[in-house]
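Remarks on the structure that follows.
Protein chains: 4
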Amino acid sequence: MPKVINPVDISKEENEAKKDYFDRHTPHVYCESKAKKAEKFTVKVTMGKDYPHPDDHDHYIQYVQLWNRQTMLAEATFTAGALGNMAGHVEVDFNIVPTVSMKLSAMSYCTKHGLWQSEDVEVSVE
Amino acid sequence: MPKVINPVDISKEENEAKKDYFDRHTPHVYCESKAKKAEKFTVKVTMGKDYPHPDDHDHYIQYVQLWNRQTMLAEATFTAGALGNMAGHVEVDFNIVPTVSMKLSAMSYCTKHGLWQSEDVEVSVE
Amino acid sequence: MPKVINPVDISKEENEAKKDYFDRHTPHVYCESKAKKAEKFTVKVTMGKDYPHPDDHDHYIQYVQLWNRQTMLAEATFTAGALGNMAGHVEVDFNIVPTVSMKLSAMSYCTKHGLWQSEDVEVSVE
Amino acid sequence: MPKVINPVDISKEENEAKKDYFDRHTPHVYCESKAKKAEKFTVKVTMGKDYPHPDDHDHYIQYVQLWNRQTMLAEATFTAGALGNMAGHVEVDFNIVPTVSMKLSAMSYCTKHGLWQSEDVEVSVE
């Protein structure tokens, strides 16, 4: 069964090839830490920080999902070539409407290297 | 077979109920009219302008797709409740990397009222 | 905006290249014409009859959707290579549970040649 | 981050409510143990054995994915109501074309209870 790879602290990784591998496959969730109840709230999901990921037909990021704990809120699916077939960073902004405090995370799928998770991001809703 | 509903000029529609119906089901594409080749380019897709759409478990916008002519670039899928189960406007920002001039459009699916298309938006790439 | 290509009667087409093109992009729905209410009912969706479709990384059938009139019942998404990267026919069996009579159809997406529809198939439910 | 729930041996579970919960959320992969190289090979994925799962608008199985090790081969997405809004077993037959030996598994998503995995099924390809 597919293993879901958890976030790795690449600053502690000595092997440069592994740093690249872990960084470009790790999704990140960016948003404010506080949201207003029942108002639009933007959540950015990106892939990688320092190392871009290929957008080749046989090797690309096929989807990123936005989760609140065990519940999937939204998913963005990409077609190879949407990033110009060049190495880059997948980036999508989902607009959601929170009603209770959330623990957000992202899960992404690379067609060559499987399933990857982000760190959790806590959002309080007032 | 499902009919894909094309954009309707609701300013010409006298029936208020139909104005509401057409407006809240119509996707819109917003982006700059010029893009720089091989650089990140943000495309916003939203549903409706003046009338919000329900986000009920049995009636919600399940997906919006971003197209360049006959090619799908990306798709955002939503779970009912992602907009707080309140009437609102689906809104997602896709970041793509253009290499040639594009004719963008969006297609969306309402779980009660089928498939809807946006107007085309032309983007020149330099 | 993407055009959805309707079924073409290829027996009337004199151009062999067009016959091939139309055949291998046309989805077909196969099932019994009568279903028992509230019982499992199998619906097969395939692509093409006489001409196989490529399963190349830059040219494959990405999804087939099963529709009842304006309502999508189910969708199967494929990854390039699931058919061994060889020309073939996408084939998936969905099991659904009908409660009222249906007018089924399929819509499919080829990553190079866009959106295609099947003929309708009527199913009475007793 | 969402936890992916691994298969549980429910025969060892004394709590009847838990047996029900684990059984109806567990995907299963059924296929022959041997496949012929480059020929069509049918893989059935179902949810649960003894206990059916609801098909309610706010609680249903949204997708099942078929995996070969870390690679997703295909995914079936369902709309609530495709099983008649009655408790039942999701069931889909994917036809794939193997070229090398496989270790198949399924992953499924319940809109209320998250991500679930099947046991692995090994298939030799000759």
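If you read the sequences in order, they're chains A, B, C and D.
In terms of my numbering, the first sequence opens at residue 718 and continues consecutively.
In terms of my numbering, the second sequence opens at residue 718 and continues consecutively.
In terms of my numbering, the third sequence opens at residue 718 and continues consecutively.
In terms of my numbering, the fourth sequence opens at residue 718 and continues consecutively.
Note that CB positions come from ideal geometry on N, CA and C, so glycine has one too.
Quick caveat: nothing in here was measured; it's all calculated off a predicted structure.
- Enumerate in chain order the residues of its own chain whose CB-to-CB distance from H776 (chain A) is below 8 Å, with the five nearest sequence positions on each side excluded. C827, T828 and K829
- Item | Cut-off 7 Å between Cβ atoms - residues of its own chain near P724 (chain C), not counting five sequence neighbours on either side | T743, Q834, S835 and E836
- Task: Can you give me, in chain order, the residues of the stretch 771-793 of chain D that have a beta carbon less than 7 Å from any beta carbon in chain B?
- Result: H774 and D775
- Message: Give me, in chain order, the residues of the same chain whose beta-carbon lies closer than 8 Å to that of S841 (chain C); leave out the 5 immediate sequence neighbours on both sides.
- Response: S750, K751, A752 and S818
- Are the C-beta of A799 (chain D) and some C-beta of chain C separated by less than 8 Å? yes
- From D:I727, D:M803, D:M789 and D:K729, residue whose alpha carbon lies closest to that of D772 (chain D): D:M803
- Simplified DSSP state of Y826 (chain D), which is helix, strand or coil: strand
- Message: Counting only C-beta atoms, is T828 (chain A) closer than 8 Å to chain C at any point?
- Response: yes
- Closer than 8 Å to chain D by CB, V814 (chain C): yes
- Query: Which residue comes first and which comes last in the alpha helix (DSSP H) that contains K736 (chain D)?
  - Reply: E733 to H742
- Task: Please name the residue, chosen from A:H745, A:R741 and A:E731, that lies closest to E839 (chain A) on a Cα-to-Cα basis.
- Result: A:H745
- Would you mind listing the beta strand (DSSP E) stretches within the stretch 794-840 of chain B that are 3+ residues and don't spill past its ends, in chain order? 808-813, 819-827 and 831-834
- Message: Looking at chain C, is there any beta carbon in it that lies within less than 8 Å of the beta carbon of P744 (chain B)?
- Response: no
- Determine which residues share a DSSP beta bridge with Q782 (chain D) and list them. D:E792 and D:M824
- Message: One question on the structure: do V814 (chain D) and A793 (chain D) come within less than 8 Å of each other, judged by their Cβ atoms?
- Response: no
- Query: Near W784 (chain A), what residues of its chain come up, given a Cβ to Cβ distance below 6 Å and the 5 sequence neighbours on each side ignored?
  - Reply: S822
- Query: R786 (chain C) and Y768 (chain C): beta carbons closer than 8 Å?
  - Reply: no
- For M803 (chain A), go through chain B and note every residue whose CB falls closer than 8 Å to its CB, in chain order. A755 and V814
- Cutoff 7 Å; reference K757 (chain C); Cβ partners in own chain excluding five residues on either side: N812 and V814
- Message: In the DSSP assignment, the beta strand (DSSP E) including K761 (chain D) goes from what residue to what residue?
- Response: F758 to M764
- Query: What is the DSSP secondary structure of K886 (chain A), counted as helix, strand or coil?
  - Reply: As shown, chain A starts at 718 and ends at 843. That puts residue 886 (chain A) outside it, with no answer to give.
- Work out the CA separation of F739 (chain A) and H806 (chain A) for me, nearest whole Å. 14 Å
- Query: Excluding the five sequence neighbours on either side, which residues of its own chain have a C-beta within less than 6 Å of the C-beta of E730 (chain A), listed in chain order?
  - Reply: K736
- Item | C-alpha distance - Q779 (chain C) paired with N732 (chain D), whole-angstrom precision | 43 Å
- Query: G831 (chain B) CB to nearest chain C CB: under 8 Å?
  - Reply: yes
- Task: Could you work out which residues of chain D lie near T796 (chain B), taking near to mean beta carbons separated by less than 7 Å?
- Result: T828
- Message: As a quick exercise: from D:K754, D:L832 and D:M764, pick the residue whose alpha carbon is nearest that of T788 (chain A).
- Response: D:L832
- Residue nearest to T816 (chain C) in terms of C-alpha spacing, selected from C:L790, C:G801, C:S825 and C:A799: C:L790
- Could you work out which residues of chain D lie near E808 (chain C), taking near to mean beta carbons separated by less than 8 Å? K757 and N812
- Cut-off 6 Å between Cβ atoms - residues of its own chain near P719 (chain D), not counting five sequence neighbours on either side: G831 and L832
- By Cβ distance, which residues of its chain are closer than 8 Å to M824 (chain C), with the 5 residues on each side in sequence left out? V721, P744, V781, Q782, W784, L832, W833, Q834 and S835
- Figure out for me which residue from C:L800, C:H770 and C:M764 has the closest Cα to the Cα of T759 (chain D). C:L800
- Item | Partners in chain B for S822 (chain C), counting only beta-carbon separations shorter than 9 Å | M718 and P719
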